[in-house]
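A.B. asks:
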Amino acid sequence: MSESNAEVPRFAVVGRVNKGKSSIIASLIENDAVKISPRPGTTTECVRYDVEVDGRVLFSVIDTPGFEDAPRALHWIKQREVTAADRVQRVRELVDAFEGTDDFVEERRLLRPILQGAAILYVVNGDEPYRKNYETEMEVLRYTGQPAMALINRTGSGEHIEDWRRALNQYFKLVRVFDAHAVTWEERRKLLETFATLQPPWERSIVEAVDALRAQEEHRRYQVANIISDMLVDALTLHLTFVLPDERALPHEKARLEREFHDKLRAIERKAHRKIATVYLHRLDDWSPETEIELESHDDLFAKETWDVMGLSPRALLTLTTLTGAAAGGAVDAAVGFASVFAGTVLGGLGGLGVGVYELTRRFATASNVTDQAVSALKNPKDGYRVRVGPHPSLNFPFVLLARALDHFDRIQAWAHANKELPPPNETGRQILDELDASTRRRLGKAFSRIQKRYRDVPGDARSGLRELIHRIVNENARSLRVP
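Residue 430 in my numbering sits at position 430 of the sequence shown, with consecutive numbering throughout.
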């Protein structure tokens, strides 16, 4: 380690196999590439992971192998100690004396970084009974003289946590219950701040690390808000124009064209959800934003159940329409003044303030003929029967998209890197929309309506206005800002 990094806090994670050690590391460093396996002996060498922000190492976590023969190692040390003051040196002698041999291989590997200054995170499984044979491991670690904390990993009922706590309190100054599968940046912050009390020389470095993590979290929210805002604009302005041989082809092609349009909307949402996951450093590979459970339950963007759960209620939509003057539909090109041309011919047409609930809540766009006047304005001289699908007509559509995005964001924040799948949906997005004040909801409705109407050339202030609204909603409702 360079001198510039000499004060970087280092944590050696120690524990038996299959007790949650690698899961805790994966969540602490936000790296799901850490080997997490049900097979014993996954970690056979010490592996160091540096947590960086903007190229600066904040702290390091060292994954160590489990003890191999702690009772024999402790016996060797005790045979040679005279007083408690000798113990650290005796541990060093154990590491040095058997270098290059087949004795105490695992003990030497895990003790070496600790003797070089790493603090100890001792991990046990609170779902399993406490056993006396753990005491030799804890005694060896105590002999190193390094600051140490015990983490009781809770993955199930945690029925044995209190037994563990009573035993661990006799060997460690701090004992914490820790769920590696539910780690947010708040838990990382608390863990770091706790170690500042154990290792005072690290206090300044830890304060700086916490500040950097907090700034990183704020930047992540900024990125997520931009992703959601861009997704909404892309979805609200999507429109596809097709050229068919003649009018008779439309009934045969209509379903295919509409399916292509809605598939593209699904792709826009899926791409945004993947981007949100990457902001939080999840390795995607072939990952899909939908979990297996969701796929099996047909939790589709355009499913009736989705709109019932995530969209605004019919009453709220009618109220919003009255307040904003927004129409169900939005296929009006205000730039060229074709409201009368497109009405009733593109995407099911425009409604007015008296539009029915069906128009406000309908989930699917329809393929319709584009008139000759519209074709001329579109500067499309090709022969044939022109059909366009989009933009999506429903005022509820962007609210459904927004609610799903906010729900997805909430789940991503709760998605510890030790887990392979997203946490289940909890309808947080709909709850957030329901709790929006009337002014914010009205401003959203106006922003959505304006973007729909100017779908060919969205004004810059319309984009920035929506982005400002989404930033405020994301920041006010981010999991990291809630009281833990």
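Where a beta carbon is used, it is the ideal one built from N, C-alpha and C, also for glycine.
Only a predicted model underlies this, so the values are computations on that prediction, with no experimental measurement involved.
1. Given residue 179, which residues of its chain have a CB within under 6 Å of its CB, disregarding the five upstream and five downstream residues?
2. Which of the three DSSP states is assigned to residue 56 in this structure?
3. Can you look up residue 12 in the DSSP assignment and give me helix, strand or coil?
4. Buried or exposed for residue 51, going by 16 or more other Cβ atoms inside 10 Å?
5. Just reading off the alpha helix (DSSP H) that residue 153 is part of, what are its end residues?
6. Run through DSSP, which three-state label would residue 367 get?
7. In angstroms with no decimal places, state the Cα-to-Cα distance between residue 134 and residue 150.
8. Taking just the CA atoms, how far does residue 69 sit from residue 107?
9. Going by C-alpha to C-alpha distance, which of 140, 59, 157 and 143 sits closest to residue 129?
10. Can you give the Cα-Cα distance for residue 139 and residue 184, rounded to whole angstroms?
11. To the nearest whole angstrom, what separates the beta carbons of residue 123 and residue 20, a pair I think is in contact under 8 Å?
12. Please classify residue 79 as buried or exposed, where buried requires at least 16 neighbouring CB atoms within 10 angstroms.
13. For residue 462, which of 444, 478, 473 and 125 has the nearest alpha-carbon?
14. Give a yes or no on whether the C-beta atoms belonging to residue 473 and residue 236 are separated by under 8 Å.
15. Could you please give me the residues that DSSP links to residue 395 through a beta bridge?
16. Here's the rule I'm using: 16 or more other beta-carbon atoms within 10 Å means buried, otherwise exposed. How should residue 273 be labelled?
17. By the 10 Å Cβ neighbour count, where 16 or more other Cβ atoms means buried, how is residue 100 classified, buried or exposed?
18. So who's on the other strand from residue 386, going by DSSP bridges?
19. Once you ignore the five residues that flank residue 81 on each side, which residues in its own chain have a CB closer than 6 Å to its CB?
20. Are the Cβ atoms of residue 136 and residue 71 separated by less than 8 Å?
21. What distance in whole Å lies between the Cβ atoms of residue 458 and residue 261, which are believed to be in contact at a cut-off of 8 Å?
22. Report yes if the C-beta distance between residue 398 and residue 232 is below 8 Å; otherwise report no.
23. Between residue 407 and residue 468, what straight-line distance do the alpha-carbon atoms span, to the nearest angstrom?
24. Between the beta-carbon of residue 387 and the beta-carbon of residue 192, is there less than 8 Å?
25. Alpha carbon to alpha carbon, how far is residue 205 from residue 141? Give it in angstroms, no decimals.
26. Per DSSP, what kind of secondary structure is residue 163 in: helix, strand or coil?
27. Using the Cα positions of residue 355 and residue 307, report the straight-line distance between them to the nearest angstrom.
28. Residue 470: buried (16+ other C-beta within 10 angstroms of its C-beta) or exposed?
C.D. replies: Let's see:
1. Position 179 of the sequence shown, counted from the first residue, corresponds to residue 179. Hits under 6 Å: 154.
2. Taking the first residue of the sequence shown as position 1, residue 56 is located at position 56. Correct three-state label for residue 56: strand.
3. Within the sequence shown, the letter at position 12 stands for residue 12. The answer is strand: DSSP assigns residue 12 an E or B state.
4. Along the sequence shown, one-based indexing puts residue 51 at 51. By the neighbour-count rule (16 or more Cβ atoms within 10 Å), residue 51 is buried.
5. Translated into positions along the sequence shown, residue 153 becomes position 153. Taken as a continuous stretch (DSSP letters only), residue 153 belongs to no alpha helix (DSSP H), being part of the beta strand (DSSP E) at 148–153.
6. Taking the sequence shown and counting its residues from 1, one reaches residue 367 at position 367. Residue 367 falls in the coil class under three-state DSSP.
7. By one-based count along the sequence shown, residue 134 stands at place 134. By one-based count along the sequence shown, residue 150 stands at place 150. C-alpha separation (whole angstroms): 12 Å.
8. Residue mapping note: residue 107 aligns to position 107 of the sequence shown, counting from 1. Residue mapping note: residue 69 aligns to position 69 of the sequence shown, counting from 1. Approximately 8 Å between the Cα atoms of the pair.
9. For this step, residue 129 is matched to residue 129 along the sequence shown. When each option's Cα is compared against that of residue 129, the closest is 157.
10. On the sequence shown, residue 139 is found 139 positions in, with the first residue counted as 1. On the sequence shown, residue 184 is found 184 positions in, with the first residue counted as 1. Whole-angstrom Cα-Cα distance: 32 Å.
11. Here residue 123 corresponds to residue number 123 of the sequence shown, with the count starting at 1. Here residue 20 corresponds to residue number 20 of the sequence shown, with the count starting at 1. Contact holds; Cβ gap of about 6 Å.
12. The residue given as residue 79 occupies position 79 in the sequence shown. So residue 79 ends up on the exposed side.
13. Here residue 462 is taken as the residue at index 462 of the sequence shown, counted from 1. Residue 462 has its Cα closest to that of 444, out of 444, 478, 473 and 125.
14. Counted from its first residue, the sequence shown places residue 473 at position 473. Counted from its first residue, the sequence shown places residue 236 at position 236. Contact: no.
15. Position 395 of the sequence shown, counting from 1, holds the residue named residue 395. Per DSSP, none; premise fails for residue 395.
16. Taking the sequence shown and counting its residues from 1, one reaches residue 273 at position 273. By the 10 Å Cβ count, residue 273 comes out buried.
17. Your numbering for residue 100 matches position 100 in the sequence shown. That one is exposed.
18. In the sequence shown, the residue the question calls residue 386 occupies position 386. Its beta-bridge partners are 243.
19. Counting from 1 along the sequence shown, the entry for residue 81 is found at position 81. 87 and 90, listed in sequence order.
20. Position 136 of the sequence shown, counted from the start, is the residue given in the question as residue 136. Position 71 of the sequence shown, counted from the start, is the residue given in the question as residue 71. Cβ atoms of residue 136 and residue 71: closer than 8 Å.
21. Along the sequence shown, read from residue 1 onward, the residue named residue 261 stands at position 261. Along the sequence shown, read from residue 1 onward, the residue named residue 458 stands at position 458. No, residue 261 and residue 458 are not in contact; Cβ-Cβ is about 19 Å, not under 8 Å.
22. Within the sequence shown, the letter at position 398 stands for residue 398. Within the sequence shown, the letter at position 232 stands for residue 232. Yes.
23. For the purposes of this step, residue 407 is taken as residue 407 along the sequence shown, with counting starting at 1. For the purposes of this step, residue 468 is taken as residue 468 along the sequence shown, with counting starting at 1. Near 19 Å, if we compare the C-alpha coordinates of residue 468 and residue 407.
24. Residue mapping note: residue 387 aligns to position 387 of the sequence shown, counting from 1. Residue mapping note: residue 192 aligns to position 192 of the sequence shown, counting from 1. The answer is no: Cβ separation not under 8 Å.
25. For the purposes of this step, residue 141 is taken as residue 141 along the sequence shown, with counting starting at 1. For the purposes of this step, residue 205 is taken as residue 205 along the sequence shown, with counting starting at 1. Each residue's alpha carbon lies about 24 Å from the other.
26. Within the sequence shown, numbered from 1, the residue matching residue 163 stands at position 163. The answer is helix: DSSP assigns residue 163 an H, G or I state.
27. Position 355 of the sequence shown, counted from the first residue, corresponds to residue 355. Position 307 of the sequence shown, counted from the first residue, corresponds to residue 307. Residue confidence for residue 355 is low, a pLDDT of 43 falling below 50, so the modelled location carries little weight and cannot support an answer.
28. Here residue 470 corresponds to residue number 470 of the sequence shown, with the count starting at 1. Buried, since its Cβ has 16 or more Cβ neighbours within 10 Å.
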